Amino acid sequence: MKVTIEIPDELYRRVKAKSALEGRSVRAVAIELFERWLEEDAPVERRVVLPIEDDSEEAVWARRRATKAWLDKWLQMGEEAFKDAPPGPTAREILDADRSRLEL
Amino acid sequence: MPTEADSSSESMPTVDANCWIATFDPRDPFHAPSVAFFNHISDRGLLIYGPEFVVLEVASAVARRLRDPIRGRQAAEVLRTHAGLRLYPHDEHLMRQALRLGTRQLLRGADALYAATAHLTSAQLISWDNELVRRAGALTPTAWLDANP
Numbered sequence: 001m002k003v004t005i006e007i008p009d010e011l012y013r014r015v016k017a018k019s020a021l022e023g024r025s026v027r028a029v030a031i032e033l034f035e036r037w038l039e040e041d042a043p044v045e046r047r048v049v050l051p052i053e054d055d056s057e058e059a060v061w062a063r064r065r066a067t068k069a070w071l072d073k074w075l076q077m078g079e080e081a082f083k084d085a086p087p088g089p090t091a092r093e094i095l096d097a098d099r100s101r102l103e104l
Numbered sequence: 001m002p003t004e005a006d007s008s009s010e011s012m013p014t015v016d017a018n019c020w021i022a023t024f025d026p027r028d029p030f031h032a033p034s035v036a037f038f039n040h041i042s043d044r045g046l047l048i049y050g051p052e053f054v055v056l057e058v059a060s061a062v063a064r065r066l067r068d069p070i071r072g073r074q075a076a077e078v079l080r081t082h083a084g085l086r087l088y089p090h091d092e093h094l095m096r097q098a099l100r101l102g103t104r105q106l107l108r109g110a111d112a113l114y115a116a117t118a119h120l121t122s123a124q125l126i127s128w129d130n131e132l133v134r135r136a137g138a139l140t141p142t143a144w145l146d147a148n149p
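Chains D and E, in that order, give the protein sequences. In this text, residue positions in the first sequence follow this note's numbering: the first is 1, and each later residue adds one. In this text, residue positions in the second sequence follow this note's numbering: the first is 1, and each later residue adds one.
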């Protein structure tokens, strides 16, 4: 459907400039914004129920200690694993390549 | 190198597999900044979110790089023991949000799951992936550290 709307000149200039910078059409931006706005008004779906976290000072300190120890272990495991690894792309580069196989 | 996006408040981040992997692999060019990022998270006692399959992605990449399934599985087991990591289940809610974000922002399927997890948990997405930075508003670990000194 074709729709004509009037908007302030200055607003349109800014929209046009930003759209051009991002390589998108004003139409595409408008559609996205309309969709977002409608989604905001949509009936609230089941919200994510996250487990209640213990944010007490003691719990946070315990988490700090545990994650520090975890990071040390993770780094040590990595050192050992890659000690005799043959040369080649990094594991992250392999992941990146896997993800990008059909990148458009 | 991915560009930097807008800064955000220090909150629980959703972390891409590539950050965990770069931390694990000492030869990775992003190893040091990734370690700094996780150290900072740890210092602050922050929680970290990820879609459930982050464990699979990390394990598979490690196994493929090392040609060693045992190392991959060990990495998965240890990753699951991270005291601050909260894995988001691949339920209908996540899939619906991933579909919405993935199609809107032209993301790859796996990337859409990260973007959806970040969205549903109101967490900043952290990634070394250029596409996630460009299209999904992710911050690199370095950019996140700059924004959260």
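Think of the CB as a built atom: it goes at the ideal place given N, C-alpha and C, for glycine as much as any other residue. Quantities reported herein were computed from a predicted structural model and do not represent experimental measurements.
| chain D partners of E/H82, CB-CB under 7 angstroms? | Counting from one through the second sequence, the residue named residue 82 of chain E turns up at place 82. Per Cβ cutoff of 7 angstroms: T67, W70.
| request: In the DSSP assignment, find the unbroken beta strand (DSSP E) run with E/G50 in it and report its ends. | output: Within the second sequence, the letter at position 50 stands for residue 50 of chain E. In this chain, the beta strand (DSSP E) harbouring E/G50 covers 48-51.
| For the candidate residues E/R71, E/I70, E/G84, whose alpha-carbon lies nearest to that of D/W70? | Residue numbering aside, residue 70 of chain D sits at position 70 when the first sequence is read from its first letter. Of the candidates E/R71, E/I70, E/G84, E/G84 places its Cα closest to the Cα of D/W70.
| Of all Cβ atoms in chain E, is any one closer than 8 angstroms to the Cβ of D/E32? | Position 32 of the first sequence, counted from the start, is the residue given in the question as residue 32 of chain D. The C-beta of D/E32 comes closer than 8 angstroms to at least one C-beta of chain E.
| Should E/V58 be labelled buried (16 or more other beta-carbon atoms within 10 Å of its own) or exposed? | Sequence index remark: in the second sequence, residue 58 of chain E carries index 58 (1-based). With a threshold of 16 other beta carbon atoms within 10 Å, E/V58 meets it and is buried.
| said: List, in chain order, every chain D residue whose beta-carbon is nearer than 9 angstroms to that of E/P50. | reply: Here residue 50 of chain E refers to the residue found at position 50 when the second sequence is read from its first residue. The identity of residue 50 of chain E in the sequence shown is Gly, whereas the question assumes Pro. Within chain D, no residue comes near E/G50; the closest Cβ sits about 13 angstroms away, beyond 9 angstroms.
| said: Against chain D, with Cβ distances strictly below 8 angstroms, would E/A123 count as a contact? | reply: Looking up residue 123 of chain E in the second sequence gives position 123. No, E/A123 lies away from the interface with chain D (no Cβ there is under 8 angstroms from its Cβ).
| request: Would you kindly report the start and end of the unbroken beta strand (DSSP E) that includes E/R86? | output: If you number the second sequence from 1, residue 86 of chain E lands on position 86. Segment 85-88, the beta strand (DSSP E) holding E/R86.
| task | Please go through the same chain and pick out, in chain order, the residues whose beta-carbon is closer than 8 angstroms to the beta-carbon of E/P69, but skip the five residues on each side of it. | result | Reading the second sequence from its first residue, position 69 is the one you call residue 69 of chain E. Contacts found: A63.
| Cα-Cα separation, D/E58 to D/R65 | Taking the first sequence and counting its residues from 1, the one referred to as residue 58 of chain D is at position 58. Taking the first sequence and counting its residues from 1, the one referred to as residue 65 of chain D is at position 65. Computed Cα separation, rounded: 11 angstroms.
| What span of residues does the beta strand (DSSP E) with D/V3 cover, start to end? | Here residue 3 of chain D is taken as the residue at index 3 of the first sequence, counted from 1. Run containing D/V3: none; DSSP gives neither H nor E here.
| query | Quick check: the stretch 129-149 of chain E against the stretch 103-121 of chain E, are there 3 or more CB pairs under 8 angstroms? | reply | As far as the Cβ criterion goes, the stretch 129-149 of chain E touches the stretch 103-121 of chain E, which means the pair count is three or higher.
| field | E/V54 versus E/D16 - alpha carbon distance | value | Working through the second sequence from its first residue, we reach residue 54 of chain E at position 54. Working through the second sequence from its first residue, we reach residue 16 of chain E at position 16. One Cα belongs to E/V54, the other to E/D16, and the distance between them is close to 7 angstroms.
| Expected contact under 8 angstroms - CB spacing of E/T14 and E/T117 to nearest Å | Residue numbering aside, residue 14 of chain E sits at position 14 when the second sequence is read from its first letter. Residue numbering aside, residue 117 of chain E sits at position 117 when the second sequence is read from its first letter. Rounded, the Cβ-Cβ distance is 5 angstroms, consistent with contact.
| Which chain D residues are close to E/P26, counting only those with a beta carbon under 7 angstroms from its beta carbon? | Walking along the second sequence from the start, residue 26 of chain E turns up at place 26. Contacts between E/P26 and chain D, judged by CB atoms closer than 7 angstroms, involve G78, E79, F82 in chain order.
| said: Determine whether the beta carbon atoms of E/I21 and D/R14 lie at a separation below 8 angstroms. | reply: Taking the first residue of the second sequence as 1, we reach residue 21 of chain E at position 21. Taking the first residue of the first sequence as 1, we reach residue 14 of chain D at position 14. No, Cβ-Cβ distance for E/I21 and D/R14 is not below 8 angstroms.
| task | Measure the beta-carbon distance from E/R44 to D/T90 and round it to whole angstroms, keeping in mind my assumption that it falls under 8 angstroms. | result | Sequence index remark: in the second sequence, residue 44 of chain E carries index 44 (1-based). Sequence index remark: in the first sequence, residue 90 of chain D carries index 90 (1-based). Contact annotation, E/R44 with D/T90: C-beta distance approximately 27 angstroms; criterion of less than 8 angstroms not satisfied.
| task | Report the rounded CA-to-CA distance for E/H90 versus D/D54, giving the unit in angstroms. | result | On the second sequence, residue 90 of chain E is found 90 positions in, with the first residue counted as 1. On the first sequence, residue 54 of chain D is found 54 positions in, with the first residue counted as 1. Whole-angstrom Cα-Cα distance: 24 angstroms.
| Residues in its own chain within less than 7 angstroms of D/A85 by CB, not counting five upstream and five downstream? | As a working mapping, residue 85 of chain D is identified with position 85 in the first sequence. There are no such residues.
| task | List the endpoints of the continuous beta strand (DSSP E) containing E/T14. | result | Sequence index remark: in the second sequence, residue 14 of chain E carries index 14 (1-based). Segment 13-15, the beta strand (DSSP E) holding E/T14.
| Residues in its own chain within less than 7 angstroms of E/Q97 by CB, not counting five upstream and five downstream? | In the second sequence, the residue the question calls residue 97 of chain E occupies position 97. Within the same chain, E/Q97 has close Cβ partners A116, H119, L120.
| request: Keeping to the same chain, check which residues put their C-beta closer than 7 angstroms to that of E/P33; ignore five residues upstream and five downstream. | output: Taking the first residue of the second sequence as 1, we reach residue 33 of chain E at position 33. Only P141, T142 meet the Cβ criterion.
| request: Out of E/L87, E/P51, E/W128, E/R73, state which residue places its alpha-carbon closest to the alpha-carbon of E/D28. | output: Position 28 of the second sequence, counted from the start, is the residue given in the question as residue 28 of chain E. Nearest to E/D28 by alpha-carbon distance, out of E/L87, E/P51, E/W128, E/R73, is E/W128.
| task | Would you identify the three-state DSSP class for E/Q105, choosing helix, strand or coil? | result | Here residue 105 of chain E is taken as the residue at index 105 of the second sequence, counted from 1. For E/Q105, the secondary structure class from DSSP, reduced to helix, strand or coil, is coil.
| message | Let's see if you can read the secondary structure: which residues bound the alpha helix (DSSP H) around D/L21? | response | Position 21 of the first sequence, counted from the start, is the residue given in the question as residue 21 of chain D. If you look at D/L21, you'll find it in the alpha helix (DSSP H) that goes 9-21.
| task | Closer than 7 angstroms, Cβ to Cβ, to anything on chain D: give me those residues from the stretch 52-67 of chain E, in chain order. | result | Those residues of the stretch 52-67 of chain E that come within reach of chain D (Cβ to Cβ, closer than 7 angstroms) are E57, A61, V62, R64, R65, L66.
| said: If you follow the beta strand (DSSP E) that E/L56 is in, where does it begin and where does it stop? | reply: The residue given as residue 56 of chain E occupies position 56 in the second sequence. That residue, E/L56, is in no beta strand (DSSP E); its alpha helix (DSSP H) goes 54-66.
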